[in-house]
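Visitor: Just dropping this structure here.
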Amino acid sequence: MLVIKEDRTATMEFDIEIIRKDFPILSQKVNGQPLVYLDNAASSQKPLAVIDAISDYYKTTHSNVHRGVHYLSQRATTAYEDTREKVRALINAKLDHEIIFTRGTTESINLLASSLGKHQIQKGDEIVISEMEHHSNIVPWQLLCEETGAILKVIPVNDQGEITEESYHNVINEKTKIVAICHVSNTLGTINSIASIIEYAHQFGALTVIDGAQALPHMTVDVQQLNCDFYCFSGHKMFGPTGIGILYGKEALLDALPPYHGGGNMIENVTFEKTTYNKLPHKFEAGTPNIAGGIGLGAAIDYIMKIGYEEIGKYEDELAKYGHEQLSAIKNLRFIGDATEKSAVFSFVIEGIHPSDLGTILDQQGIAVRTGHHCTQPLMDKFGISGTVRASFAFYNTIDEVDRLVNGINKAVAMLS
Ligand code: 7TS
1102 MLVIKEDRTA
1112 TMEFDIEIIR
1122 KDFPILSQKV
1132 NGQPLVYLDN
1142 AASSQKPLAV
1152 IDAISDYYKT
1162 THSNVHRGVH
1172 YLSQRATTAY
1182 EDTREKVRAL
1192 INAKLDHEII
1202 FTRGTTESIN
1212 LLASSLGKHQ
1222 IQKGDEIVIS
1232 EMEHHSNIVP
1242 WQLLCEETGA
1252 ILKVIPVNDQ
1262 GEITEESYHN
1272 VINEKTKIVA
1282 ICHVSNTLGT
1292 INSIASIIEY
1302 AHQFGALTVI
1312 DGAQALPHMT
1322 VDVQQLNCDF
1332 YCFSGHKMFG
1342 PTGIGILYGK
1352 EALLDALPPY
1362 HGGGNMIENV
1372 TFEKTTYNKL
1382 PHKFEAGTPN
1392 IAGGIGLGAA
1402 IDYIMKIGYE
1412 EIGKYEDELA
1422 KYGHEQLSAI
1432 KNLRFIGDAT
1442 EKSAVFSFVI
1452 EGIHPSDLGT
1462 ILDQQGIAVR
1472 TGHHCTQPLM
1482 DKFGISGTVR
1492 ASFAFYNTID
1502 EVDRLVNGIN
1512 KAVAMLS
């Protein structure tokens, strides 16, 4: 039953059959079997509401934004800017212009590394990341270190795939200028205690950059409560389109940063002698943006809010609990990452079986998992493996699909052993 409350929060008695009908891609067969899509950490599927919003935009509204006086341009601008407000409300930012549209988490972090680098980082400064970061929260900081002579410091994770307070405190000191950490690990599923990580970083005057790519699809994020300086995420992992993402930053910090890309829309006035820049958020949004992507992201946010994070969380917790129990019963299966606070992501290896062989046989049964290093090669090195099989769940997955996965693995093991 659907009950839309006025404040658009928790609204639906979670009916998985109704929800699955919203995602047309899920009802197809793959290799003769009903698709089981368990690659949500790489990218999640899109509800009709998102697909229709993009299609309707191109059918009725398309025009370039921000520049036109004519009807379509104003309509497109309004629709695009509505999403900025929806994102602000979603993450409880104070101001609309603290929300910068980017292409995704990767671009958001590169923007920061570039602009902070020009502005605030000097030789000998320290930038702290963790061992569980995605390559997109490693390489931009390495590039910055190469350019400036800053030093990259890494917080190790323990055998369960957690950052302990002690290991974190050991790498922070007065030289730390930036702490860049994921909210939720894409490989381990670990949910980091970012509120206390942020609080401790601030005691040393360091800026905090949170990679929230794997958080927004599953849980409420409140940037004011977290008190993070910057927070980054991608639309396509939260049921929205590819090619659109968000950089949130505190107003004063964004104001102080130099622009990232130069071009149209980001300027106030241009002469050959000197250019002055537009105000926030446009200063960081050069060129024609991904308008349809922005509008699609707005529809994805509406969709998430219609179900409510509370309902999503409760349902995914059940999936995770059942998945953990069932996978644990498979002989010779070893979880990579078994944190106490964990999302519905299972990375594992099975003794004597190569992850890609297992993934291929699962695919033959219509089950989509990801195999490999998941863009976390240093983490694979820490665990002494080259890759894992990763099954990552979303709220449209079912208990039945956990069973299909477990049966599929057992079948693969019988074939490969
Ligand atoms: N940070 C985390 C924690 C991620 O999981 C990813 C993508 C990114 C950053 C980069 O996001 P993008 O949208 O800019 O590409 N993670 C994955 C994954 O786990 N498998 O494929 C992409």
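The sequence shown begins at 1102 in the numbering used here and counts up by one. Glycine residues also receive a C-beta, built at the ideal position from the N, C-alpha and C atoms.
1. Does DSSP put alanine 1492 in a helix, a strand or coil?
2. Between tyrosine 1158 and the rest of its own chain, which residues show a CB-CB distance below 6 angstroms, the 5 nearest in sequence each way excluded?
3. Is glutamate 1227 helix, strand or coil by DSSP?
4. Buried or exposed, going by whether 16 or more other CB atoms sit within 10 Å of the CB of isoleucine 1298?
5. To the nearest angstrom, how far is it from the Cα of threonine 1206 to the Cα of glycine 1313?
6. Would leucine 1491 be called buried (16 or more neighbouring beta carbons within 10 Å of its own) or exposed?
7. If you draw a straight line from the C-alpha of isoleucine 1295 to the C-alpha of threonine 1184, how long is it?
8. Does the beta-carbon distance from isoleucine 1311 to isoleucine 1201 come in below 8 angstroms?
9. Return yes when the Cβ of proline 1318 is within less than 8 angstroms of the Cβ of serine 1145, no when it is not.
10. Would you say lysine 1380 and methionine 1367 are within 8 angstroms of each other, going by their C-beta atoms?
11. Alpha carbon to alpha carbon, how far is valine 1503 from asparagine 1370? Give it in angstroms, no decimals.
12. Short of 7 angstroms in beta carbon distance, which residues of its chain neighbour threonine 1121, apart from the five on each side in sequence? Order them along the chain.
13. Roughly how many whole angstroms lie between the Cα atoms of tyrosine 1349 and glutamate 1199?
14. Looking at the secondary structure, which residues open and close the beta strand (DSSP E) in which threonine 1203 lies?
15. Mapping the DSSP letters down to three states, classify phenylalanine 1124 as helix, strand or coil.
16. Short of 7 angstroms in beta carbon distance, which residues of its chain neighbour glutamate 1107, apart from the five on each side in sequence? Order them along the chain.
17. Tell me the DSSP bridge mates of alanine 1281?
18. Please confirm whether methionine 1320 and glycine 1262 have their CB atoms less than 8 angstroms apart.
19. Within 10 angstroms of its Cβ, does leucine 1103 collect 16 or more other Cβ (buried), or is it exposed?
20. Using only Cβ atoms and a threshold of 5 angstroms, which residues come within that distance of a heavy atom of the ligand 7TS? Order them by chain position.
21. By DSSP's criteria, phenylalanine 1115 is part of a beta bridge. Which residues make up the other side?
22. Take every Cβ of the segment 1205 to 1222, pair it with every Cβ of the segment 1357 to 1364, and state whether three or more of those distances are shorter than 8 angstroms.
23. Helix, strand or coil for aspartate 1140 per DSSP?
24. With a 10 Å radius around its C-beta and 16 neighbouring C-beta atoms as the bar for buried, classify leucine 1196 as buried or exposed.
25. Measure the CB-CB distance between leucine 1459 and alanine 1513 and report whether it falls below 8 angstroms.
26. Just checking, does the segment 1222 to 1239 make contact with the segment 1255 to 1274 on the three C-beta pairs under 8 angstroms criterion?
27. Pop quiz: phenylalanine 1340 and lysine 1147 are said to be a contact at Cβ under 8 angstroms. What is the actual Cβ separation, rounded to whole angstroms?
28. Pick from Gln1304, Lys1375, Asn1391 and Gly1306: whose alpha carbon is nearest that of serine 1335?
29. DSSP state of lysine 1187, grouped into three classes?
30. Measure the Cβ-Cβ separation of proline 1456 and threonine 1489 and say whether it is below 8 angstroms.
31. Look up phenylalanine 1484 in the DSSP assignment and give the residues it is bridged to.
32. May I ask you to report which of helix, strand or coil DSSP gives isoleucine 1437?
33. Any idea if phenylalanine 1331 is buried or exposed, counting beta-carbon neighbours within 10 angstroms, 16 or more meaning buried?
34. Does the beta-carbon of phenylalanine 1373 have 16 or more other beta-carbons within 10 angstroms, so that it is buried, or is it exposed?
35. By DSSP, does glutamine 1315 sit in helix, in strand, or in coil?
36. Following the continuous alpha helix (DSSP H) through serine 1444, name the residue where it begins and the one where it ends.
Guide: Straight from the coordinates:
1. strand
2. Ala1393 and Ile1396
3. strand
4. buried
5. 8 angstroms
6. A small correction: the amino acid at residue 1491 is arginine; leucine does not occupy that position in the sequence shown. With 16 or more other Cβ atoms within 10 Å, it is buried.
7. 26 angstroms
8. no
9. yes
10. no
11. 57 angstroms
12. Reading off the sequence shown, one finds arginine at residue 1121, where the question assumed threonine. Contacts found: Leu1127 and Tyr1497.
13. 6 angstroms
14. 1200 to 1203
15. coil
16. Annotation note: pLDDT 46 at glutamate 1107 (below 50); position unreliable, coordinate value reported separately. Hits under 7 angstroms: none found.
17. Val1310
18. no
19. Its pLDDT being 38, under 50, leucine 1103 is placed unreliably by the model, and nothing is read from it.
20. Ala1142, Ala1143, Gly1205, Thr1206, Thr1207, His1235, Ser1237, Cys1283, Asn1287, Asp1312, Ala1314, Gln1315, Ser1335 and His1475
21. In DSSP, phenylalanine 1115 forms no bridge with anything.
22. yes
23. strand
24. exposed
25. yes
26. yes
27. 6 angstroms
28. Asn1391
29. helix
30. yes
31. BP columns for phenylalanine 1484 are empty, so no partner.
32. coil
33. buried
34. exposed
35. coil
36. Counting along the chain, serine 1444 falls outside any alpha helix (DSSP H), and DSSP gives it neither H nor E.
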